[in-house]
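Notes follow the structure.
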Amino acid sequence: MLVVPTRAEFRRVLEAERRAGRSIGLVPTMGALHAGHRSLLEAARRDCDVVALTIFVNPLQFAAGEDLSAYPRTLERDLELAAEVGTTVVFTPSDVEMYPMPTLTTVHVDGLTATMEGAARPTHFDGVTTVVTKLFNLAGACRAYFGEKDYQQLAVVTRMAADLDQPVTVVPCPILREADGLALSSRNVYLSAEDRAAAPVLHRALRDAADAVAGGERDARALIGLVSTRLGAEPRAALEYVAVVDASSLEPLTELLPGVAARVILTARFGSTRLLDNIGVVAP
Ligand code: AMP
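Going by our numbering, the sequence shown opens with residue 373, and the numbers climb by one from there.
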């Protein structure tokens, strides 16, 4: 496994692989790898000849006062995990390597970024789409693996690649969860023992919503009410938002239409830690 800290080397390695006729699977991450990231690497390993992992805690997607300096960094363990799953090359740039000059150019996706995480963190998605565009430009033609865990991010990046003719196929990957239902996240390490014990309520509430849909509920307000009530009963959870949206346009729905994929998406705080989760639902 090759570990390369410079953009030039990363580009050169992947260009050579492509010239040799090998397909490339790109897995962009901020490190502190867990089984969720591993599942993305394994999907890339299954589909592609070459697996390219990127580890970069992107300052551009953190606002002042967010957890940039506290974000967990576990490079040594990350490299072990990457090697275990057969990663070919790991790109580990520093901040100055990624941004040698102040960035005057930003990639902005309209519409899809106006709600939910985009409303809660107004500069966040521009930071994401700008760094992901840089990674796509360095990697060249490839498949890029993103988790449904960050559902809005997945939708934004998918649309960006289509709008800008980026030579990248964005591949969605299912959410990996702990045995008690909590979605794996690098930020789970921030949780106190009490908050960690309470946090699976997010998945239980989403499951309840999915069960209600399977049982015939189609009214989005009723589903939002159900999730809010569930979370309201857990004193450690502070719900920021819950939305019922079309699974591809992210348009808020008032009513689920039979056979049309929708998504129930929420964010809640446990202490100062924000946790995101979501679930797919289809009315019968
Ligand atoms: P991050 O390192 O948090 O930026 O995440 C890197 C990638 O891993 C993103 O595409 C995430 O959606 C994905 N990811 C994070 N957690 C999970 C999970 N529990 N299951 C599946 N994918 C995940």
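Every residue gets a Cβ at the ideal spot worked out from N, C-alpha and C, and that includes glycine.
So what does DSSP say about residue i, is it helix, strand or coil?
{"i": "TYR471", "result": "coil"}
{"i": "ASP591", "result": "strand"}
{"i": "ASN560", "result": "helix"}
{"i": "ASP552", "result": "coil"}
{"i": "GLY643", "result": "coil"}
{"i": "ILE547", "result": "coil"}
{"i": "ARG635", "result": "strand"}
{"i": "PHE382", "result": "helix"}
{"i": "TYR443", "result": "coil"}
{"i": "VAL422", "result": "strand"}
{"i": "ALA615", "result": "strand"}
{"i": "LEU648", "result": "strand"}
{"i": "THR459", "result": "coil"}
{"i": "GLY604", "result": "helix"}
{"i": "THR626", "result": "coil"}
{"i": "LEU451", "result": "helix"}
{"i": "VAL585", "result": "helix"}
{"i": "VAL653", "result": "strand"}
{"i": "GLY519", "result": "strand"}
How big is the Cα-Cα spacing for residue i and residue j?
{"i": "THR478", "j": "GLY587", "result": "45 Å"}
{"i": "VAL422", "j": "ASP649", "result": "30 Å"}
{"i": "SER570", "j": "ALA404", "result": "Rather than Ser, the amino acid found at residue 570 in this sequence is Ala. Approximately 23 Å, taken between the alpha carbons."}
{"i": "THR446", "j": "GLU589", "result": "44 Å"}
{"i": "GLU456", "j": "VAL375", "result": "14 Å"}
{"i": "SER466", "j": "PRO377", "result": "7 Å"}
{"i": "ALA436", "j": "THR495", "result": "10 Å"}
{"i": "PRO657", "j": "GLU387", "result": "The chain is shown only over 373 to 656; residue 657 falls outside these bounds and no answer can be derived."}
{"i": "ASP450", "j": "THR459", "result": "11 Å"}
{"i": "GLN525", "j": "PHE497", "result": "7 Å"}
{"i": "PRO472", "j": "ARG493", "result": "25 Å"}
{"i": "GLU627", "j": "THR601", "result": "19 Å"}
{"i": "ALA592", "j": "ASP580", "result": "13 Å"}
{"i": "THR639", "j": "ALA605", "result": "16 Å"}
{"i": "THR487", "j": "MET373", "result": "40 Å"}
{"i": "LEU556", "j": "GLU438", "result": "20 Å"}
{"i": "GLY597", "j": "ARG531", "result": "30 Å"}
{"i": "GLY568", "j": "ALA392", "result": "First, the amino acid is wrong: residue 568 is Arg here, not Gly. Cα to Cα, ARG568 sits roughly 47 Å from ALA392."}
Tell me whether residue i, by its Cβ, gets closer than 7 Å to a heavy atom of the ligand AMP.
{"i": "SER557", "result": "yes"}
{"i": "GLY519", "result": "yes"}
{"i": "HIS409", "result": "yes"}
{"i": "MET402", "result": "yes"}
{"i": "LEU398", "result": "no"}
{"i": "LEU548", "result": "yes"}
{"i": "ASP450", "result": "no"}
{"i": "ASP467", "result": "no"}
{"i": "ASP649", "result": "no"}
{"i": "ASP522", "result": "yes"}
{"i": "LEU412", "result": "yes"}
{"i": "CYS545", "result": "yes"}
Suppose contacts are defined by Cβ-Cβ distances below 8 Å. Is residue i in contact with residue j by that definition?
{"i": "TYR517", "j": "ALA609", "result": "no"}
{"i": "MET470", "j": "LYS506", "result": "yes"}
{"i": "THR464", "j": "ILE427", "result": "yes"}
{"i": "LEU432", "j": "GLY499", "result": "yes"}
{"i": "VAL429", "j": "LEU440", "result": "yes"}
{"i": "VAL614", "j": "VAL636", "result": "yes"}
{"i": "VAL481", "j": "CYS514", "result": "no"}
{"i": "LEU578", "j": "ALA407", "result": "no"}
{"i": "ARG383", "j": "LEU536", "result": "no"}
Tell me, please, whether the CB atom of residue i is closer than 8 Å to any CB atom in chain C?
{"i": "ALA533", "result": "In the structure shown, chain C cannot be found, because there is only a single protein chain."}
Would you say the beta carbon of residue i is closer than 7 Å to some non-hydrogen atom of the ligand HEM?
{"i": "ILE547", "result": "You won't find the ligand HEM in this model; what it holds is the ligand AMP."}
Which ranges does the alpha helix (DSSP H) cover as unbroken runs of at least 4 residues, wholly within the region 464-512, from first to last along the chain? 467-470, 488-492 and 496-511
Whole runs of the beta strand (DSSP E) within the region 389-418, excluding any shorter than 3 residues: 396-401
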